[in-house]
Every structure is written in C-alpha cells, then in structure tokens.
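To convert, count from 1 in the sequence shown and add 221; that's this note's numbering. Every residue gets a Cβ at the ideal spot worked out from N, C-alpha and C, and that includes glycine. Just so it is clear, the structure is predicted and the values come from calculations on it, not from any experiment.
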Amino acid sequence: MIAIVCGAVLTAFGRPVRAQAPAGEPDDTSGEAPRQPQNDARVQRPYRGIFRGGVDDVGQLLATSISFGGGYSNDRLSRPVGETPEGGLPPTFTGPFSAASGDLTYMLDRDRVTFNASAGASARYYQSRHDVLPGYSAAAGGSASLTHRLTLSGNLSAVDQPLYGLTLFPDAIAPDPGTISPMDYTQDVASGAYRSVDGTAALDYTLNERTAATAYYEDSRGELGDEHRSQTLRGAGASLRRQFTRDLGMEIGYARRLGTYDLADGSRTIRNDSIDAGINYSHALSFSRRTSLAFSTGTTAVSDGDTTRFRIIGHATLDRQVGRTWDAALTYSRDVGFIKTLVEPTFSDSLAMAFGGLLGRRVELHTEVAATVGRLGFDRGETATGFDAYDGTAQMTIALSRKLAMSVSYAYYRYTFDTGAPLPGTVFRQLDRQSVQAGLQLWAPLLQRARRPHAAR
C-alpha cells in the first residue's frame, strides 16, 4: 500500500522530463539530439518549459536528478521458454512496485572541446518478487576539433542492471556521448543480471562545404549473468557524403560488423557487411513549411559462414508541427539488427508514430505507438522463425517548479516469438505487459557557469 501511495508520483524511466526547446534546437540539459529534422523554413517556437529551464547557454554544468515513486504492473499472457535452473517458473512481475533513481551529470562546452560524463543508480521493488532489484550505469564521452576540418569524437558506457530488457524495435535517437538513458523497466524479462560495456570512436573530416568523410570503430560486449551466454560486437566503417543541394545528398561507404556469441556449447560468429550507396533526403514539403520528409537508403549482407542474406535497408520520417508547441511524427525503418543474448540476427520492418506537446504553460503530454514484424535468423519460408512486437506509451508531466516535476504514465508492451526461436531459457517467449506509474523528479544544478561571450556556438 505504501508503494502505491508513493507511486502516485514516479516518472516513466524511459523518458526523462526536460525543458521544451524551440524546434530544431537541442535541449542543453537533456543531452538529446533534436527529435525532428532541422529546416530554416520552420516556424521557431520561443517557449521553454519551466522544469529544468534557465540553463540554455552554459559552458559548464554539474547537476543531479532524483526520482521516486511506484505503480502497478500486470503480466497477462507471459509464457517462458522453459524452466529456470532451480526447476520453477520465473517469478511474475504482476502487482504493485516502488522505485527510486538518482544520477549525477557533468557537461563542459568550450570552443573546440565538448565533454559529458554521467553516473546513475536505480532500484525497484516488486511485491510479487519480494526482492529489491538495483541497477547501475555510467558514461563518458565528447568531441574535440583537432583542426578546423578534422573532429575526433568518442563515447564509453557501462550498464549493470538486474534484469534484461528485450526490445525488438530499432534504436531511438541515441543520447549524446557521455550521457545515460534512464532504465526502462517496462521491457524487462525474467532473466538474470545483465551487464554490458559499449565504446565508439569516430573521425570526421570536412573536405569542403559540400563533401565530408567519416571513419568509425565500435566495440561492445553484453553478458547474461545466470546463463553462459554473451555477445561481443566489433565493427568498423568509412563513408563519403556529398551534398548536392540543401535537401539532397548521397552517401557512399562500407562497414563490417562481427558478432560473436559465446554459448555454453561453443561459440558462433556472424558477419554483417553494409554497403551505403544510397540517397539522403530531407525537405519541407511544398504544401506546408510545417511538414517535412526525410529518408535514407542502403544495402546490407549478413552471413554466418554457410548462408548469406542480402537486404535493402532504409529509414523514412514524416514530421508535422501542429500549432506552436505540438509535433506529430511517423517513422518507418527497415533494418538488420544484432540483439544481445539472441544468437541470430533480426530482419525487421518497423513503424512508429508519436504525438505530443504542451497543454498549458506547465503541462506536457507525449504519446507514442510502435509495431515491428520480422524474422530471427537466416531461414525463410515455412522454416523461418518469425516474431512481432507492439509498444505504446502515454505520459503527462506537470512542472511544479523549475526544479520539481510530477508525471503519470501508462505503458503497454507485447511481443511473440514463433516456437523454436533460440531464446535463453528464462526469457519469455510471449510477453504481454501493461503498467501504470507515477512519480516526482527533483533536478538541481550544483555548478553552473555561462559560456564565454566569444565562444562560438
């Protein structure tokens, strides 16, 4: 009962509350990139929300954020693959829960150097499981302009979480280097502790106003603690981009990724070769300067040494601004993915819709629905292992002051794998979960220094 009362106030961990920034302009405190494509013809929105406001133009910032609350979760049709090592079914997530989280972030923004670092911890108590589930995360990253043409950037992050969250949707907009995303408990499955380390490094070279080149390297490892199952992903690539007009460009590049799965009965390596020889397009549609379309294309080949599959991939986004503070977006993605703990690549098609904005000076509403269908592994036809997944969220945030906010959210998540899918023994083959949660979030700047007047934006 205490959990429910306190729970009248926990924010959805998947989406931190942030100030409302003008269109096409990043929120300096959240570390997120703009959600919609930039376009000079768009109507600029001057309003900034009251929560986390007043830190638009800082050169140095140290801040802390604390959340607490709880809610109720219901697993309606969850079916495990098999039995746990102890011989029983995985514990259920149905029932009330209470939760708390905290993080510390640091940001430095200079003329030629940017640096971000963050560390956070969270804990959740499910009454049905009779156990406290703690999680930890940390990240550091940034960029440096070595010359006026050459820029080096990098990021390193680590996560130790109590449960593995199996998501079958394409990655959302990634946070800036050195920032961490709050843990999303709505997609957790009944597996053991999960640990991962991810690192990236990139070099960007500008040849001229219309031409640029990029080279990158990535390395990541994920491990499921209760099973002898881990994945190491290493990749490198290079590309050349040419912008013909402000809206139309072309990219030519090549990348290779090697996914190595270490299992109890041996290891397996899968190779993914991608050839980016496609078009990048972003343009405000002629019938409305508030509506824009952006898409990119490419090709990829995936091989396990015996079988090779070729696939055309692409991404497209249609974005529409509504009024001064509302935005609607429709996104389609066709991709090949490597999901940690799954020993086969995924071939999927996904569609997502989002709509949100301000209901008043202090109230923000955000809704989103997504669906994905695809297959797991190289088989086709009757022998293929298919899957589908659906996700929906709705969140309302009320800014009580610049440093305090309250939010209430609802989340629905469902996925199903065909029989025979190579899943860990304690991961649900079918998950059907909905949850309601609410909470309070306190944000406080500990150190704040303005940018120097001569510093370039």
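Checklist entry - Between ILE534 and the rest of its own chain, which residues show a CB-CB distance below 6 Å, the 5 nearest in sequence each way excluded? => result Taken in chain order, the residues that qualify are GLY519, THR521, ARG555, ASP556.
| request: Would you mind sorting SER622 into buried or exposed? The rule is 16 or more other CB atoms within 10 Å of its CB. | output: SER622 comes out exposed.
| task | Please name the residue, chosen from THR432, GLY386, ALA361, ASP405, that lies closest to ASP397 on a Cα-to-Cα basis. | result | Distances from the alpha-carbon of ASP397 to those of THR432, GLY386, ALA361, ASP405 put ALA361 closest.
Next on the checklist: If distances are taken between C-alpha atoms only, which option among PRO643, ASP352, ILE619 comes closest to PRO383?
Outcome noted: For PRO383, the closest C-alpha among the options PRO643, ASP352, ILE619 is that of ASP352.
**Message:** Closer than 8 Å is the cut-off here; do at least three beta carbon pairs connect the segment 418–436 with the segment 459–478?
**Reply:** Taking one beta carbon from each stretch, the segment 418–436 and the segment 459–478 have 3 or more pairs nearer than 8 Å; the two touch.
* In terms of alpha-carbon separation, which member of SER349, ASP332, TYR346, ALA340 lies closest to THR372? -> For THR372, the nearest C-alpha among the options comes from ASP332.
Query - Rounded Cβ spacing between THR326 and SER343 (contact assumed at less than 8 Å) - result: Actually they do not touch by this definition, with Cβ atoms about 15 Å apart.
Worksheet item: Below 7 Å between beta carbons: does that hold for GLY577 and SER288?
Response: Taking 7 Å as the cut-off, the Cβ atoms of GLY577 and SER288 do not count as close.
So, with DSSP's three-state summary, where would you put GLU565?
If DSSP states are grouped into helix, strand and coil, GLU565 belongs with coil.
| task | Give me the Cβ distance between LEU642 and LEU597, rounded to the nearest whole Å; I'm assuming they're in contact under 8 Å. | result | According to the sequence shown, residue 642 is Ala rather than Leu. Taking 8 Å as the upper bound for CB-CB distance, ALA642 and LEU597 are in contact here, some 6 Å apart.
### Own chain residues within Cβ distance below 6 Å of HIS587, not counting five before or after
Non-local C-beta neighbours of HIS587 in its own chain, meaning closer than 6 Å and more than five positions away in sequence, comprise GLY577, GLN616, ordered along the chain.
#### Entry: C-beta atoms of SER630 and GLN651 nearer than 7 Å
A distance of 7 Å or more separates the beta carbons of SER630 and GLN651.
**Asked** Going by other Cβ atoms of all chains shown within 10 Å of its Cβ, with 16 needed for buried, is GLU589 buried or exposed?
**Response** Buried.
| Going along the chain, which residues of its own chain have a beta-carbon closer than 8 Å to the beta-carbon of ASP570, five neighbours each way excluded? | Taken in chain order, the residues that qualify are TYR553, SER554, ARG555, THR593, VAL594, GLY595.
### Message
I'd like the list of long-range same chain contacts for SER524, defined as Cβ closer than 6 Å, with 5 residues on each side in sequence excluded.
### Response
Excluding residues within five positions, the ones whose Cβ falls inside 6 Å are ARG492.
Under three-state DSSP, which class holds THR368?
Three-state DSSP puts THR368 in coil, outside helix and strand.
Original post:
Three-state secondary structure (DSSP) at THR546?
Top reply: Looking at THR546 - three-state DSSP - the assignment turns out to be coil, as it is neither helix nor strand.
Q. How long is the line joining the alpha carbons of PHE490 and GLY526, rounded to whole angstroms?
A. One detail in the question is off: residue 490 reads as Thr in this sequence, not Phe. Straight through space, the alpha carbons of GLY526 and THR490 are spaced by roughly 8 Å.
Exposure label - PHE531; buried when at least 16 CB within 10 Å = For PHE531, the number of other beta carbons within 10 angstroms of its own is below 16, and it is reported as exposed.
- Under a three-way DSSP split, which group does THR407 fall into? If DSSP states are grouped into helix, strand and coil, THR407 belongs with the helices.
According to DSSP, simplified to helix, strand and coil, what is THR400? When DSSP states are grouped into helix, strand and coil, THR400 belongs to the coil group.
query = Can you tell me where the beta strand (DSSP E) with GLY280 in it begins and where it stops?
reply = Element bounds for GLY280: 279–296.
So, are the CB atoms of SER358 and ILE401 less than 7 Å apart? The beta carbons of SER358 and ILE401 sit closer together than 7 Å.
Entirely enclosed beta strand (DSSP E) segments - the segment 594–621, minimum 3 residues:
Counting only runs of 3+ residues, the beta strand (DSSP E) found wholly inside the segment 594–621 occupies 606–620, in chain order.
Exercise. For ASN429, does the count of other Cβ atoms within 10 angstroms reach 16, so buried, or fall short, so exposed?
Worked result: Within a 10 Å sphere around the beta-carbon of ASN429 sit fewer than 16 other beta-carbons, which makes this residue exposed.
Taking buried to mean at least 16 other C-beta atoms within 10 Å of its own C-beta, is GLY235 buried or exposed?
-> Here the model assigns GLY235 a pLDDT of 35, short of 50, so the residue's position is not dependable, and the following value carries that caveat. Counting Cβ neighbours within 10 Å, GLY235 comes out buried, since at least 16 surround it.
So SER286 packs on GLN669, CB below 8 Å; how close in whole Å?
-> SER286 to GLN669, Cβ: 14 Å. No contact.
**Asked** Of all the beta strand (DSSP E) runs that stay within the bounds of the segment 487–535, which reach a length of 3 or more residues?
**Response** Considered as a whole, the segment 487–535 harbours 487–505, 512–524 as its complete beta strand (DSSP E) runs of no fewer than 3 residues, in chain order.
| field | Between the CA atoms of SER451 and ILE500 - distance to the nearest angstrom | value | Cα to Cα, the separation comes out at about 36 Å.
From GLY292 to GLY474, what does the alpha carbon distance come to, in whole angstroms?
Distance between the alpha carbons of GLY292 and GLY474: 47 Å.
**Study point:** Secondary structure of TRP664, DSSP reduced to three states
**Key:** DSSP places TRP664 in the strand class (E or B) of the three-state scheme.
* Between LYS624 and the rest of its own chain, which residues show a CB-CB distance below 7 Å, the 5 nearest in sequence each way excluded? -> Taking C-beta separations shorter than 7 Å and ignoring five residues to either side along the sequence, the partners of LYS624 in its chain run LEU663, TRP664, ALA665, following chain order.
Separation of PHE638 from THR388, as counted between CA atoms: Approximately 12 Å, taken between the alpha carbons.
Cβ-based burial, GLU603 [other Cβ within 10 Å; buried from 16]: If you draw a 10 Å sphere on the C-beta of GLU603, you find fewer than 16 other C-beta atoms in it, and that means exposed.
query = For the candidate residues ARG654, MET404, PHE599, whose alpha-carbon lies nearest to that of TYR611?
reply = Closest option to TYR611, Cα to Cα, is ARG654.
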